[in-house]
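S.K.:
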Amino acid sequence: MIIKPRVRGFICVTAHPVGCEANVKEQIDYVTKHGAIKGGPKKVLVLGASTGYGLAARISAAFGCGADTLGVFFEKEGEEGKLSTAGWYNSAAFEKFAVEKGLYAKSINGDAFSNEIKRLTIETIKKDLGKIDLVVYSLAAPRRTDPQGVVHTSTLKPIGKAVTLRGINTDKGVVVDTTLEPATQEEIDGTVKVMGGEDWQLWIDALRDADVLAEGAKTTAFTYLGEKLTQDIYWNGSIGEAKKDLDKKVLTLRDNLAALKGDARVSVLKAVVTQASSAIPIMPLYLSLLFKVMKEQGTHEGCIEQVYGLFKDSLYGSQPKLDADGRLRADLAELEPKVQDAVAALWNQVTDENVNEISDFAGYKAEFMRLFGFEVKGVDYDADVNPTVKINGLVQA
């Protein structure tokens, strides 16, 4: 099959297995080039391990720390002659390279919010790993079924007032204004249920109760704070309420892990192109301008650079970068006044006519396509490829 990209809004409905593998290999090469992380974890569980920051965490743990990893994700395996999702191809590639390096790498595909997947994960840890010393929580989902069987849905809306946001129509490359009505209390509550800290706490409680957390075990969940331009829709919006819930839940987790001499932290990462961020109306334009500024200043980073730095400097560094609320910070370069001031100035200037000149929209689009295995250097996209790829270490219920 010759596979070409088919983009619909903020999603690409095709994925390229060879391109996904090449993208994973590039991230592995980055970690390998930058060296081993001293004192890093050895047995790691990554929840949401197939794309974006979760995939980068699994790669950093395995190839930066020599860790055995168990990844949990919810991806679609293609049928005969039909494509799998990018996350499926990413995970197959990761396992291939990890096993070649002599590392344990297995994966569980299913709803990480469910009790069934929690039980299967714990069984697998007991059987194969004994105990784990790091749990990375990197789940992003539009809905969640809680342990009582209630379905909750997340939403991206402001709170308290309607907000008009500048954005970019990524299909047409034109600047557009989008007005979002404020979230209802029910929508806010649903978003907190899906994207807040409740499921993170359920995971850690289940792992602790099953006695599969090692002494000194750490856990971290990823978050984004942003600055003034994004705060109406993000930190001050419905998704922000969910992220604030992470900040509340982490205090309980930290107390609960104290008996194991462990630790729990929220880690703040910079804005990057992910499947989740692409769905937020303001983010493609903000990212296009941010990339322009940070590339010019020599401080641009993607997922793997961010997470490798987080592991090396903060999670396992001797002088972790902590803010006043106890969060680990890897996003500080994005928040530099010279960066935010430059982005804000461009924000007020951007038009349909100049968007490609004063922003890095081309860079944004290239990063978006790479999420699905396209526009990766060295890949022949006119070649006939087999779309059927197996994940050899897939754990079956």
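Position one of the sequence shown corresponds to residue 105 (my numbering), numbered consecutively onward. Think of the CB as a built atom: it goes at the ideal place given N, C-alpha and C, for glycine as much as any other residue.
Return helix, strand or coil for Gly482, following the three-state DSSP convention.
M.R.: Residue mapping note: residue 482 aligns to position 378 of the sequence shown, counting from 1. Residue state for Gly482 is assigned as coil, using DSSP reduced to three classes.
S.K.: Could you tell me whether the segment 127-143 touches the segment 298-307, using the rule of 3 or more Cβ pairs below 8 Å?
M.R.: no
S.K.: In this structure, how does DSSP classify Thr295 when only helix, strand and coil are distinguished?
M.R.: In the sequence shown, residue 295 corresponds to position 191, counting from 1. Helix.
S.K.: Using alpha carbons as the reference points, say which of Val480, Lys399 and Lys142 lies closest to Gly170.
M.R.: The residue given as residue 170 occupies position 66 in the sequence shown. Comparing Cα positions, the closest option is Lys142.
S.K.: Is it the case that the Cβ atoms of Val176 and Thr225 are separated by a distance below 8 Å?
M.R.: Position 72 of the sequence shown, counted from the first residue, corresponds to residue 176. Position 121 of the sequence shown, counted from the first residue, corresponds to residue 225. Cβ atoms of Val176 and Thr225: closer than 8 Å.
S.K.: Quick one: measure Cβ to Cβ for Leu333 and Asp435, integer angstroms, because I've assumed they're closer than 8 Å.
M.R.: Locating residue 333 in the sequence shown gives position 229, counting from the first residue. Locating residue 435 in the sequence shown gives position 331, counting from the first residue. Actually they are not in contact, since the Cβ atoms of Leu333 and Asp435 sit about 14 Å apart, beyond 8 Å.
S.K.: Confirm, please, whether the CB-CB distance from Gly341 to Ile221 is below 8 Å.
M.R.: The residue labelled residue 221 in the question sits at position 117 within the sequence shown. The residue labelled residue 341 in the question sits at position 237 within the sequence shown. No. Outside cutoff.
S.K.: According to the Cβ coordinates, are Thr324 and Leu233 closer than 8 Å?
M.R.: For this step, residue 324 is matched to residue 220 along the sequence shown. For this step, residue 233 is matched to residue 129 along the sequence shown. Taking 8 Å as the Cβ cut-off, Thr324 and Leu233 do not qualify as a contacting pair.
S.K.: Just checking, does the segment 347-362 make contact with the segment 382-400 on the three C-beta pairs under 8 Å criterion?
M.R.: Flag = no, the segment 347-362 and the segment 382-400 do not touch.
S.K.: Taking all protein chains shown into account, do 16 or more other C-beta atoms lie within 10 angstroms of the C-beta of Gly366, making it buried, or fewer, making it exposed?
M.R.: In the sequence shown, residue 366 corresponds to position 262, counting from 1. Gly366 is buried by the Cβ-count criterion.
S.K.: By how many angstroms is the C-alpha of Asp275 removed from the C-alpha of Phe465?
M.R.: Here residue 465 corresponds to residue number 361 of the sequence shown, with the count starting at 1. Here residue 275 corresponds to residue number 171 of the sequence shown, with the count starting at 1. Approximately 12 Å between the Cα atoms of the pair.
S.K.: On a CA-only basis, which of Arg312, Gly294 and Ala383 is nearest Ile337? Give me that one, please.
M.R.: Position 233 of the sequence shown, counting from 1, holds the residue named residue 337. By alpha-carbon distance to Ile337, the top candidate from Arg312, Gly294 and Ala383 is Ala383.
S.K.: Can you tell me whether Thr288 is buried or exposed? The criterion is at least 16 other CB atoms within 10 Å of its CB, across all chains shown.
M.R.: By one-based count along the sequence shown, residue 288 stands at place 184. With fewer than 16 other Cβ atoms within 10 Å, it is exposed.
S.K.: Within 10 Å of its beta-carbon, does Val117 have 16 or more other beta-carbons around it, so buried, or fewer, so exposed?
M.R.: Here residue 117 refers to the residue found at position 13 of the sequence shown. It is exposed - the Cβ of Val117 has fewer than 16 other Cβ atoms within 10 Å.
S.K.: Looking at the structure shown, is Pro262 part of a helix, part of a strand, or coil, going by DSSP?
M.R.: Here the question's residue 262 lines up with position 158 in the sequence shown. Strand, per DSSP.
S.K.: Could you pull the DSSP bridge partners for Val370 from this structure?
M.R.: In the sequence shown, counting from the first residue as 1, residue 370 sits at position 266. The partner list for Val370 (beta bridge, DSSP) reads Ala325.
S.K.: Smallest Cα separation from Cys124: which of Thr228, Tyr412 and Leu187?
M.R.: As a first step, residue 124 must be located in the sequence shown, where it is residue number 20. Taking only the C-alpha atoms, the option nearest Cys124 is Leu187.
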